[in-house]
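Input: a single structure, listed below in structure tokens.
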Amino acid sequence: MKVELTGEIGQVKTEQRKYSEEMEKLKSEKERLKKENVEIKKERLDKKREKITYIVLNGINIETEDNAGIEESMEVFIKQRLGLSVQVKEAHKLGEKVCLISLESELDKIEVMENKYQLKNKNDTRAVYFNNDLTKQEREMQI
């Protein structure tokens, strides 16, 4: 009987070691996933924060394909039409009359968006619009 109990105790200890090893593996996996999740959240926040400075310009003919040329022409357009001196960080042509503009700061974007009404007062820019850069999901929610 004593031998049987000793054997069972040994078996229980072996099983307990296996479970303990599994628990350690699961804990390390949990920590890895937690870190990965934090990184994903950080990336999303960075993208969202970066997107804060983006605006979309619709209705203006863009002659050049060169991004540097587009950036310069957008700075000139905003200065001439809105009377604002803003820094364009980058600009990309999205279509024939559509341009995505990234401004240097959120304050620059706010100034442009607050003064965009001035385009409607000028005959040659009535069909030109500044809009916030929205995701497809955000655009659908507005409809």
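All residue numbers for the sequence shown refer to full-length UniProt numbering, where the first residue is 1 and numbers rise by one.
Built from N, CA and C at the ideal position, the CB exists for glycine as well.
Evaluate residue 109 with the Cβ neighbour count: other Cβ atoms within 10 Å of its Cβ, from every protein chain shown; 16 or more gives buried, anything less gives exposed. Here residue 109 corresponds to residue number 109 of the sequence shown, with the count starting at 1. Per the 10 Å Cβ criterion, buried.
Where residue 118 and residue 140 are concerned, what is the direct C-alpha to C-alpha distance, given to the nearest angstrom? By one-based count along the sequence shown, residue 118 stands at place 118. By one-based count along the sequence shown, residue 140 stands at place 140. Straight-line Cα distance between these residues: approximately 27 Å.
So, using beta-carbon positions, are residue 94 and residue 74 closer together than 9 Å? Taking the first residue of the sequence shown as 1, we reach residue 94 at position 94. Taking the first residue of the sequence shown as 1, we reach residue 74 at position 74. Between residue 94 and residue 74, the C-beta spacing is not below 9 Å.
Could you have a look at residue 76 and say whether DSSP puts it in helix, strand or coil? Counting from one through the sequence shown, the residue named residue 76 turns up at place 76. Three-state DSSP puts residue 76 in a helix.
Could you please give the first and the last residue of the uninterrupted beta strand (DSSP E) stretch that includes residue 89? Looking up residue 89 in the sequence shown gives position 89. Start and end: 88 to 93.
DSSP three-state call for residue 98: helix, strand or coil? Within the sequence shown, the letter at position 98 stands for residue 98. Look at residue 98 here: in three-state DSSP terms it is strand.
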